[in-house]
Amino acid sequence: MSVPFVTPESASNGDATPPRTSRVLVTAVVGLGVLFVGSSTAVLGQVIESALTGLVVAAALSLLNDDDPESLAAGSLLLAPAAASLTGDLIAIAGGPPVRALRAVALVVASFGVAACWTGIVGNRTLTVGASRFGYALLPLSLAALAAMVSNVGTDAAAAAGGPVLDALWRELVAPTAPAPRIADFLLLLAVGGFAVRAALERLPVAELASKRDTARRAAQVERTVDVLRTTYRVCAPAGLVLGVLHLAGAGPYGALPGGLVDLLAGVAKTEVLRVLLVAAAVAGSVAAVAVEAVLWARTAAASDVAPRVVPFASGVALIGGVWAFTDLVLGRVRSRIPSVAAPALEELVGVVGETPVALLVVAGTLVLFVALVGVLTLLGRWGFLTDRVAPVALASAGLFLAGTVSGMVGDGPLVVFGGVAAATVAWDLGEYGVGVAEGLGRRARSRQGELAHGLASVAVGAASVAAAFALLGVMRRTVPEASLVAAGASAAFVGTLLLLSRLR
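Note that my numbering has the sequence shown beginning at -18, numbered continuously upward.
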């Protein structure tokens, strides 16, 4: 069984992680930054617990990238409880005030980035491979949850209870009646439909089925269509996510647009025919792409291709027994994390279908949500927000930078804002420098002294930038509102640190 942590051999094969000395420095800077920024939040203990759980998640995903059956089994069995616990923690954190919840989630993301630095699971498709293999473990767990609920309630009762819920969800998806604009979810639906159809067109033999004289023309048409669909989901997905987050946070993302334009866009977004067509395209494209992939894999599968699918699937079957044996522990964890408004519904569901089916359903549901979050992270990488070269460090720095910036929005002192922004910038510089040294001198080069010297200089530059931001704050305090002062100081800390570090290089 392989070790789930970065080694010189694995790093030389494409891991986007700095050498060990730089990793230690990044871990120290980000760790202190998370503790410093998080010291003003009421959920610091939960953030630390989530950070430790994130390390287990990262190690399990690293094991799932190995083709060895023992590593695959250990990764699947470790990832299920750790990922379910981490997702539950994130749900509990997100249940608080939106801005404060955003800061706490950003701190967890920063901590996960540090864990990724040591396990190498962000960048170079390692995250995608690990999550896709875990999907085979999730399949029997999900089927067992549904089967347990139906068997306990009865087929007719389950249909009677689930029918209205499914009908309401379907109507809300294809024919929303709420007065609020539904532009964000329409853009997301358009992105999903475009992605699914693009995946199907790339796999189906559309050009090959044309006559010989039309093959070239049909191939060109398919290529143009694929390009249009790719552009569509690359534009619509981030736009829909941003608008959705702003709408949920109560920021009113449509207020800056003319009322007539918003009404027009909202009318198009609520059109039932368009939404039904997009759902049909998403389902048909997904089914076609999966079917073609299954046929191609069945024709060319070798023994090495079977283990990454069979072992996680068998581990998923074993997880069913684990949830059954520890039902009380699972439900106790759920009751301690679920929002108070949802607690009566949980107890009512337990009374109707029993404890074990609910435990299976909760575990399967949180794991599905975890895989969806991993998919979002993967899309960010594909869209260029997380480059393979320094992806783990970029994730850690971005989380800490966001947490420091948001601290100014909730009224924390300027020291928290300036310190968080400067620490994030210094951590990014340390990781970037370490990767550059490894690329230039090799992973086994003795570069510890140079990395330490650069690290001390970077920390000194960050401290100087924070001091300069405070000096700017003191000069401007009498003439500028306090909120604007904090924003200006944070910008000064970031820009000053960036400029000084560029000169240091």
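Heads up, the beta-carbon is just placed ideally off N, CA and C, and yes, glycines get one too.
Original post:
Under a Cβ-count criterion, where at least 16 other Cβ atoms within 10 Å of its own Cβ denotes burial, should Pro62 be classed as buried or exposed?
Top reply: buried
**OP:** Apply the 10 Å Cβ neighbour rule to Ser192 and answer buried if 16 or more other Cβ atoms are within range, or exposed otherwise.
**Re:** Counting C-beta atoms within 10 angstroms of its own C-beta, Ser192 has fewer than 16 neighbours from the protein chains shown and is therefore classed as exposed.
Original post:
Just to confirm, are Gly221 and Leu169 a CB contact at a threshold of 7 Å?
Top reply: Judged by their CB atoms, Gly221 and Leu169 are nearer to each other than the 7 Å cut-off.
Original post:
Over what stretch of residues does the alpha helix (DSSP H) that includes Pro62 continue unbroken?
Top reply: Under the DSSP assignment, Pro62 falls in the alpha helix (DSSP H) whose first and last residues are 50 to 75.
Original post:
When DSSP labels each residue in this structure, what does Arg163 get in the three-state scheme?
Top reply: coil
**OP:** Please report the Cβ distance between Arg81 and Val398, rounded to the nearest whole angstrom; I am assuming they are in contact, meaning their Cβ atoms lie under 8 Å.
**Re:** Not confirmed; about 15 Å, so no contact.
Subject >> Collapsed DSSP secondary structure at Gly394 in the structure displayed >> reply: Taken through DSSP and simplified to helix, strand or coil, Gly394 comes out as coil.
Original post:
Taking Pro489 as the reference, which of Ile319, Leu341, Arg314, Arg290 has the closest Cα?
Top reply: The structure shown does not extend to residue 489, since the chain spans only -18 to 486, so no value can be given for it.
**OP:** Would you identify the three-state DSSP class for Pro(-11), choosing helix, strand or coil?
**Re:** Note that Pro(-11) scores 47 on pLDDT, short of 50, meaning its location in the model is unreliable and no value can be drawn from it.
Original post:
Is the distance from the Cβ of Pro157 to the Cβ of Gly297 below 7 Å?
Top reply: Gly297 is positioned such that its CB atom lies no closer than 7 Å to that of Pro157.
Subject >> Rounded straight-line distance, which links the Cα of Arg84 to that of Gly389 >> reply: 10 Å
Subject >> Glu189 - DSSP class collapsed to helix/strand/coil >> reply: Taken through DSSP and simplified to helix, strand or coil, Glu189 comes out as coil.
Original post:
If you count every other CB in all the chains shown that lies within 10 Å of the CB of Gly69, and 16 or more means buried, which is it?
Top reply: buried
Subject >> Counted within 10 angstroms of its Cβ, other Cβ atoms place Asp410 as buried (16 or more) or exposed >> reply: Counting Cβ neighbours within 10 Å, Asp410 comes out buried, since at least 16 surround it.
Subject >> Touching by the beta-carbon criterion (3+ pairs, under 8 Å), the stretch 172 to 182 and the stretch 261 to 271 >> reply: With a cut-off of 8 Å on Cβ pairs, the stretch 172 to 182 is in contact with the stretch 261 to 271, counting three or more such pairs.
**OP:** State the Cα-Cα distance for the pair Pro162 and Val407, rounded to the nearest angstrom.
**Re:** 41 Å
**OP:** With a threshold of 16 other CB atoms inside 10 Å of the CB of Trp512, please say whether the residue is buried or exposed.
**Re:** Look at the range of the chain in this structure, -18 to 486, and you will see that residue 512 is not part of it.
Original post:
What residue range is occupied by the uninterrupted alpha helix (DSSP H) comprising Arg427?
Top reply: Counting along the chain, Arg427 falls outside any alpha helix (DSSP H), and DSSP gives it neither H nor E.
Subject >> Cα-Cα separation between Ala23 and Ile74, rounded to whole angstroms >> reply: 10 Å
Original post:
By Cβ distance, which residues of its chain are closer than 8 Å to Leu482, with the 5 residues on each side in sequence left out?
Top reply: The predicted position of Leu482 is uncertain, since its pLDDT is 45 and thus under 50; a value taken from the coordinates is nonetheless stated next. Thr406, Val407, Asp410, Ser439, Val442.
**OP:** Could you tell me the distance, in whole angstroms, from the CA atom of Gly412 to the CA atom of Ala91?
**Re:** Each residue's Cα considered, the two are about 14 Å apart.
**OP:** Would you check if the distance between the CB atom of Ala377 and the CB atom of Val11 is smaller than 7 Å?
**Re:** Yes.
**OP:** Verify whether the separation of the beta carbon atoms of Pro(-1) and Gly415 is less than 7 Å.
**Re:** yes
Subject >> Local Cβ density within 10 Å of Thr337, reported as buried at 16 or more and exposed below that >> reply: buried
Original post:
Between Phe93 and the rest of its own chain, which residues show a CB-CB distance below 6 Å, the 5 nearest in sequence each way excluded?
Top reply: Gly35
**OP:** Could you work out which residue in Glu183, Arg429, Arg211 is closest to Ala200 when comparing CA atoms only?
**Re:** Ranked by Cα distance from Ala200, the first of Glu183, Arg429, Arg211 is Glu183.
**OP:** Can you give me the start and stop residues for the alpha helix (DSSP H) that Ala40 sits inside?
**Re:** Taken as a continuous stretch (DSSP letters only), the alpha helix (DSSP H) holding Ala40 covers 25 to 44.
Original post:
Can you give the Cα-Cα distance for Ala444 and Ala434, rounded to whole angstroms?
Top reply: Straight-line measurement puts the Cα of Ala434 at about 16 Å from the Cα of Ala444.
Subject >> Leu58 versus Ser43 - alpha carbon distance >> reply: 13 Å
**OP:** Out of Val203, Glu153, Ala306, state which residue places its alpha-carbon closest to the alpha-carbon of Glu189.
**Re:** Val203
**OP:** Reducing DSSP to helix, strand and coil, say where Ser488 ends up.
**Re:** Coverage of the chain is limited to positions -18 through 486, which leaves residue 488 absent and any answer about it impossible.
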